[in-house]
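Enquirer: These protein sequences, in sequence, are chains Z and P. Sequential numbering of the first sequence, starting at 1, is according to the numbering used here. Sequential numbering of the second sequence, starting at 1, is according to the numbering used here. Take a look at the following structure, please.
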Amino acid sequence: MSSILPIAFDGITYASWLFLISAGLTLIYGVMRILNVAHGSLYALGAYAACSLAGAWLGGGLPAAGSFAMLLLAALLVGSVAGPLIERGLLQWMYGKDEVVLVLITYALFLIMEDVIKLVWGVDSLLLPDPYALPGNFQLGGLTYPVYNVLLIALALATGLALAWALYRTRQGKLLLAVIHDRDMSMAMGINVSRVYLATFAVGATLAALGGAFTAPTIAVTPGIGVEVIVLAFAVVVIGGLGSLGGAALGALLVGLVRSATVRYWPEAELFSIYAVMAMVLIARPKGLFAAQEARKI
Amino acid sequence: MRPSLSFGLCAALAAFVFLLAVPASLAQQPLKVGIVTFLSGPAAGPFGVPARNAAELTAELLNAGTVPAPYSQKGFGGTPIELVIIDEAGGPQKQVAEYRNLVPRVDIVIGYISSGDCLAIAPVAEEQKKLTVLFDCGTPRIFEDASYKYVFRTGPTGTMDNVSVALYLVERTPNVKSIAGLNQNYAWGQDSWADFENAMKTLKPGIEVKTSQMPKLFAGQFGAEITTLLGSGAEVIHSSMWGGDLEGLVLQGAPRGLFEKHKVVLSAGEPAINRLGTRIPDGTILGARGPFGPFAPGTDLARWLKTTYQDRYHVPPNYASFKMTQAILGVKAAYEKAKGSGNEAPDQDKIIAAFENLTFEGPGGPVKMALGKGHQAIMDAAVGTTRVEGGELKIVDIARYSADKVNPPDGVKSEAWIKSGIKK
């Protein structure tokens, strides 16, 4: 019993981090049918921007609590600048091409962005540990945990609820659902699909950057962090079903809990555990847990 | 028609000038040295770029003739050296292709940080018949599983790091009863943990291994692993992590009391001290993969590297920088020994013959090419403990172990040597 609580807490913390990144990835795929490999770079960009902004804030001797606002600002900045820039500057010219071609295009973009990050921030790791230590620690099952992990879980919950509300309870969200369901019909009905695409990509980019910005205080921000993330995020999205927000949440939770239990009881299999979950889900449901059934067009 | 006297004089003069000029121009042809090190990816910051910086600095100062004795002769035996630097990123398959492209462009190759790259390059170097000096990778398998003519390694193996930290640990905590590990899940992490675990079992028979955590390389987040280690009850935690993973471990582990409740051993932790400083908690046992960085001896050569590197790059040289300079100086020593007092440039076979079993002075102290039939270096080892004093991180209680004590004899595999009792 004493180990169940720590395993569950570690699993949920990891799941929260995974969900923040996977939500944007699945949203972009659901609407635009793009498997965005550059999502990893947007995550990295969020982490680097957070280090710069919050680092400058703290370096200026301003109140440490304000560094959390800087993390949020970094995510919004990356989402609102890099997102539209990529969508308007590159992706809008590629719509209608085969999904595999789009994967290759975003992969090329990923490589370019990795080099851009290296040009701007260099190859040395950046550290931003103050926001992680600031809220202090608490005890759970006889072990010490940082309160920051609770904030991360709260952020993921709030983001998930906000996304669900925006999708299912607002007019804009319903228009977006219409585009997900049938792009051609939506255009015929007068929906400005181009604008929906732009907004979706900007929101997806913001979510990736949000994941990066709030992870930055817990890690050393180094070149290549986007590579590690994108592989995990793809696994989560595939488990949940491509394009499903609820699926991303459940997929993240499954992966988080299974990984946490594996680290505890069978550490040799940690690397394999995530993909074992994916394989088992795909055997039972080849399109993932919550993939929408596609209507066949004649 | 008879040529005029003045024409004859001019022709003779021109011929004389030409005769003088040809050897001079040939003598000025620089020796091309290929340098392979990470310029991108996660290993660039802690190792690749510090090594590249050391290579550029060393080549420039060698050409200027300002390196202390016994390396004060310009270049290699008076011939200037020119570097051709390429990126090690991309994995062994890509590196083999890059190496094949590099070979025709250079006279000597010095490089490789990743053990995977070293294992892939060594047989290709043999096939290409190109003198190739590995400067940093740690796997002992290079010369234990094969024999090479054209391949040398001027840095010690990972076995030495883990045997020396085990000796240090047992000397200071003779009643240690349990250990645990947190190492990256690839060749380096697995080999390091195996060497440390075996060394501890040899030194303290009956020691209990509580858990061995092997997270994915570059995972960066170790929340569940730290929870398991905290709950394991192990007295000692060993980690050979490096780069962002190591920094992440300290950032995430220190606030949770990992370093307070356990004696933590970071066998390759030295590069992190410049990055993390006082964030590395008191009492952490630290290795530097040899007598490098803060463990360097007080020789003119070590002082020269520390001063010139600090002046140019505004950070102290870490072990990757030391090992790169050591490799270049090793090749210079072999080249000059092969050249002797003659004027002719030695051919590759002569340099190889001079390099085998060579003992030369590096910035970390004496380097003996004693293993792998004279192709693999051994050095003294050094281990210390961190202490925060006056807001600064210091390395105290430094212990040195002679090269013979922490390396197997030639021809004996590391694992067998450790299991048979770590004897000279």
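We treat Cβ as the ideally placed atom computed from N, Cα and C, and that holds for glycine.
Check for me: the beta strand (DSSP E) holding Ser341/P runs from which residue to which?
Expert: By one-based count along the second sequence, residue 341/P stands at place 341. That residue, Ser341/P, is in no beta strand (DSSP E); it is neither H nor E in DSSP.
Enquirer: Can you look up Ala382/P in the DSSP assignment and give me helix, strand or coil?
Expert: Working through the second sequence from its first residue, we reach residue 382/P at position 382. The answer is strand: DSSP assigns Ala382/P an E or B state.
Enquirer: Count Cβ pairs between the region 247-261 of chain P and the region 219-232 of chain P that sit closer than 8 Å; are there 3 or more?
Expert: Segments in contact, yes.
Enquirer: Under a Cβ-count criterion, where at least 16 other Cβ atoms within 10 Å of its own Cβ denotes burial, should Phe272/Z be classed as buried or exposed?
Expert: Numbered from its first residue, the first sequence carries residue 272/Z at position 272. So Phe272/Z counts as exposed.
Enquirer: Compare the beta carbon distance of Tyr29/Z and Trp121/Z with 9 Å and say whether it is the shorter of the two.
Expert: Taking the first residue of the first sequence as 1, we reach residue 29/Z at position 29. Taking the first residue of the first sequence as 1, we reach residue 121/Z at position 121. Cβ distance not < 9 Å, so Tyr29/Z and Trp121/Z don't count as in contact.
Enquirer: Cα-Cα, which of Val209/P, Asp410/P, Lys74/P is closest to Lys177/P?
Expert: Locating residue 177/P in the second sequence gives position 177, counting from the first residue. Cα-wise, what sits closest to Lys177/P is Val209/P.
Enquirer: What span of residues does the alpha helix (DSSP H) with Ile180/Z cover, start to end?
Expert: Within the first sequence, residue 180/Z is the residue found at index 180, counting from 1. First-last of the alpha helix (DSSP H) with Ile180/Z: 171-181.
Enquirer: Is the distance from the Cβ of Pro70/P to the Cβ of Ala377/P below 9 Å?
Expert: As a working note, residue 70/P is residue 70 in the second sequence. As a working note, residue 377/P is residue 377 in the second sequence. No, they are not a contact pair.
Enquirer: Which of the three DSSP states is assigned to Gly287/P in this structure?
Expert: For the purposes of this step, residue 287/P is taken as residue 287 along the second sequence, with counting starting at 1. Reduced to three states, the DSSP call for Gly287/P is strand.
Enquirer: Output the distance between the C-alpha atoms of Tyr197/Z and Pro84/Z, rounded to the nearest integer angstrom.
Expert: Within the first sequence, numbered from 1, the residue matching residue 197/Z stands at position 197. Within the first sequence, numbered from 1, the residue matching residue 84/Z stands at position 84. Straight-line Cα distance between these residues: approximately 10 Å.
Enquirer: Quick one: does Val22/P have its CB under 9 Å from some CB of chain Z?
Expert: Locating residue 22/P in the second sequence gives position 22, where the first residue counts as 1. Confidence at Val22/P is low in this model, with a pLDDT of 44, below 50, so the placement of that residue is unreliable and no value is reported for it.
Enquirer: Rounded C-beta distance between Tyr401/P and Ser240/P? I'm assuming under 8 Å.
Expert: Residue numbering aside, residue 401/P sits at position 401 when the second sequence is read from its first letter. Residue numbering aside, residue 240/P sits at position 240 when the second sequence is read from its first letter. Actually they are not in contact, since the Cβ atoms of Tyr401/P and Ser240/P sit about 18 Å apart, beyond 8 Å.
Enquirer: For Tyr14/Z and Lys129/P, what's the separation of their Cα atoms in angstroms?
Expert: The residue given as residue 14/Z occupies position 14 in the first sequence. The residue given as residue 129/P occupies position 129 in the second sequence. Using only the alpha carbons, I get a separation of about 50 Å.
Enquirer: Pick helix, strand or coil for Ile85/P, following the three-state DSSP scheme.
Expert: Sequence index remark: in the second sequence, residue 85/P carries index 85 (1-based). Strand.
Enquirer: Quick check on the DSSP output: the alpha helix (DSSP H) that includes Asp397/P runs from which residue to which?
Expert: Looking up residue 397/P in the second sequence gives position 397. Counting along the chain, Asp397/P falls outside any alpha helix (DSSP H), though it belongs to the beta strand (DSSP E) covering 392-401.
Enquirer: Taking Glu247/P as the query, report the chain B residues whose CB atoms sit under 9 Å from its CB, ordered along the chain.
Expert: Looking for chain B here will not work: the only protein chains present are Z and P.
Enquirer: Given that Thr386/P touches chain Z, what residues does it touch there, using C-beta distances under 7 Å?
Expert: Position 386 of the second sequence holds residue 386/P. Going along chain Z, no residue has its Cβ under 7 Å from Thr386/P, so there is no contact; the nearest lies around 17 Å.
Enquirer: Exposed or buried, which one is Asp500/P when buried takes at least 16 other CB atoms within 10 Å?
Expert: Because chain P spans 1 through 424 in this model, residue 500/P falls outside it and cannot be assessed.
Enquirer: Measure the beta-carbon distance from Lys263/P to Gly283/P and round it to whole angstroms, keeping in mind my assumption that it falls under 8 Å.
Expert: The residue given as residue 263/P occupies position 263 in the second sequence. The residue given as residue 283/P occupies position 283 in the second sequence. Contact flag correct, Cβ pair sits at about 7 Å.
Enquirer: Three or more beta-carbon pairs under 8 Å between the region 121-137 of chain Z and the region 199-219 of chain Z, yes or no?
Expert: A contact exists between the region 121-137 of chain Z and the region 199-219 of chain Z.
Enquirer: So which residues of chain Z does Gln221/P contact, with C-beta pairs closer than 8 Å?
Expert: Against the second sequence, residue 221/P aligns to sequence position 221. Within chain Z, the residues near Gln221/P are Tyr14, Trp17, Thr215, Thr218, Ile219.
Enquirer: Determine whether the Cβ of Met160/P lies closer than 9 Å to any Cβ atom of chain Z.
Expert: Counted from its first residue, the second sequence places residue 160/P at position 160. No, no contact with chain Z.
Enquirer: Spatial neighbours of Leu289/Z within its chain, please: CB distance less than 8 Å, with the 5 preceding and 5 following residues excluded, ordered by chain position.
Expert: Counting from one through the first sequence, the residue named residue 289/Z turns up at place 289. Same-chain partners within the cutoff: Ile239, Gly240, Gly241, Ser244, Gly247, Leu250, Gly251, Val281.
Enquirer: Could you list which residues in chain Z have their beta carbon closer than 7 Å to that of Phe259/P, in chain order?
Expert: Position 259 of the second sequence, counting from 1, holds the residue named residue 259/P. None at all; the shortest Cβ gap to chain Z is about 12 Å.
Enquirer: Alpha carbon to alpha carbon, what distance is there between Ala74/Z and Gly158/P?
Expert: One-based indexing of the second sequence puts residue 158/P at position 158. One-based indexing of the first sequence puts residue 74/Z at position 74. Roughly 41 Å between the two C-alpha positions.
Enquirer: What three-state label does DSSP hand Glu99/Z in the structure shown?
Expert: For the purposes of this step, residue 99/Z is taken as the residue at position 99 of the first sequence. Note: Glu99/Z maps to helix in three-state DSSP.
Enquirer: Compare the C-beta of Val49/P with all C-beta atoms of chain Z and state if any pair is closer than 9 Å.
Expert: Here residue 49/P refers to the residue found at position 49 of the second sequence. It does; some Cβ of chain Z falls within 9 Å.
Enquirer: Just to confirm the assignment: which complete beta strand (DSSP E) runs, minimum length 3, are found wholly within the region 134-177 of chain P?
Expert: Entirely contained in the region 134-177 of chain P, the beta strand (DSSP E) runs reaching 3 residues are, in chain order, 151-153.
Enquirer: Roughly how far, in whole angstroms, is the beta-carbon of Ile86/Z from the beta-carbon of Ala261/Z, given that I think they are within contact range, below 8 Å?
Expert: The residue given as residue 86/Z occupies position 86 in the first sequence. The residue given as residue 261/Z occupies position 261 in the first sequence. About 38 Å separates the two Cβ atoms, so there is no contact after all.
Enquirer: What span of residues does the alpha helix (DSSP H) with Tyr145/Z cover, start to end?
Expert: For this step, residue 145/Z is matched to residue 145 along the first sequence. No alpha helix (DSSP H) holds Tyr145/Z; the beta strand (DSSP E) holding it covers 143-146.
Enquirer: Check whether the region 82-97 of chain P and the region 111-122 of chain P touch, using three or more Cβ-Cβ pairs below 8 Å as the test.
Expert: Contact holds: three or more Cβ-Cβ distances are below 8 Å.
Enquirer: Tell me, which residues are paired with Gly362/P by DSSP?
Expert: Taking the first residue of the second sequence as 1, we reach residue 362/P at position 362. Gly362/P is bridged to Gly365/P.
Enquirer: Quick check on DSSP: helix, strand or coil for Asn432/P?
Expert: Absent from the structure is residue 432/P, since the part of chain P shown begins at 1 and ends at 424.
Enquirer: Three or more beta-carbon pairs under 8 Å between the region 108-126 of chain Z and the region 175-185 of chain Z, yes or no?
Expert: The region 108-126 of chain Z, when compared against the region 175-185 of chain Z, does not touch it at the 8 Å Cβ threshold.
Enquirer: Beta-carbon within less than 8 Å of Ile274/Z's beta-carbon, same chain only, minus the 5 sequence neighbours each way: which residues are those?
Expert: Position 274 of the first sequence, counted from the start, is the residue given in the question as residue 274/Z. Excluding residues within five positions, the ones whose Cβ falls inside 8 Å are Leu232, Ala235, Val255, Val258, Arg259.
Enquirer: Counting beta carbon pairs with one atom in the region 137-157 of chain P and one in the region 313-327 of chain P, are three or more of them shorter than 8 Å?
Expert: A contact exists between the region 313-327 of chain P and the region 137-157 of chain P.
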